[in-house]
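Below: one structure, written as structure tokens.
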Ligand SMILES: Cc1cc2nc3c(=O)[nH]c(=O)nc-3n(C[C@H](O)[C@H](O)[C@H](O)COP(=O)(O)O)c2cc1C
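Numbering (the working numbering), first residue to last: 6 to 197.
Below, the structure written as structure tokens:
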């Protein structure tokens with residue numbers, strides 16, 4: 006799924022692919038509500054969305070010393086999708102001032118992606134832009150989750166171009182102000 010956006014620096018339209026990685030442990034709750042609001046705010050753009058809940062990745066196991074990663078190969082399509090994207094939206098609930106375990110398990114697989122990556126030096130997010138979209142119960146302390154994602158992305162040479170902490174209640178209903186704020190996010194501007 007591709008989108009055409011105006012690149013202000015090049016002064017011409019360019020093609021971008023946007024991948025959303027959703028890491029809530031429940032369906033159609035706050036994280037998804039925030040994603041839906043982001044998609045609604047950018048009707049001219051196309052998005053591909055992956056749910057880590059649906060992907061059911063096996064728990065990551067450190068196989069670096071054995072260099073035998075067979076069990077991890079089912080995750081390669083996720084790496085391929087990231088490599089094919091220009092913007093990756095990482096949408097995770099905040100659990101204990103960090104990302105959800107689904108998100109963390111996925112990040113642990115980046116250790117495998119660094120070895121399986123096709124880009125030089127295994128910096129597989131080189132030239133990729135990342136938007137971190139958090140769904141929290143409260144803002145206080147949630148910047149720790151942002152920091153963890155920011156440093157991980159930086160480690161594999163990606164660039165976090167936007168960070169947003171949205172709020173939802175325990176039932177998974179997005180906060181009204183959060184939805185209002187997300188409705189103002191223009192991804193074409195963010196990408197420029
Ligand atoms: C295990 C667990 C830990 C949580 N820890 C935090 C936290 O540290 N900070 C916070 O702001 N909210 C925390 N929350 C609240 C969730 O971030 C919030 O309910 C959010 O809406 C969950 O995303 P979801 O609606 O997509 O499931 C926690 C919720 C759970 C279930």
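Note that CB positions come from ideal geometry on N, CA and C, so glycine has one too. Quick caveat, the model's predicted, so the values are computed rather than measured.
If you ignore the 5 residues before and after residue 144, its C-beta comes within less than 8 Å of the C-beta of 170 and 172, all in its own chain and listed in chain order. Shown here, residue 41 sits in a helix according to DSSP, grouped into three states. With a cut-off of 7 Å, the C-beta of residue 177 is classified as near ligand 1, since at least one heavy atom of the ligand falls inside that distance. In this structure, the beta-carbon distance from residue 140 to residue 36 falls below 8 Å. For residue 104, the three-state secondary structure derived from DSSP is strand. Just so you know, the alpha carbons of residue 87 and residue 164 end up roughly 13 Å apart.
Here residue 133 is buried: its Cβ has 16 or more other Cβ atoms, across all protein chains shown, within 10 Å. Shortest Cα-Cα distance from residue 72 to any of 118, 51 and 82 involves 118. In this structure, DSSP gives residue 183 a helical state, which the three-state scheme calls helix. Ranking 55, 110, 39 and 100 by CA distance to the CA of residue 184 puts 39 first. Between ligand 1 and the CB of residue 137, the shortest heavy atom gap is not smaller than 7 Å.
For residue 94, the CB stays at least 7 Å from every heavy atom of ligand 1.
Beta-bridge partners of residue 96 (DSSP): 27 and 138. Residue 161 sits in coil when the DSSP states are folded into three classes, being neither helix nor strand. Bounds of the beta strand (DSSP E) holding residue 11 are 8–12.
For residue 131, the closest alpha carbon among the candidates 90, 54 and 29 is that of 90. Not one heavy atom of ligand 1 lies closer than 7 Å to the C-beta of residue 108. In the DSSP assignment, residue 193 falls within the alpha helix (DSSP H) that extends over 192–196.
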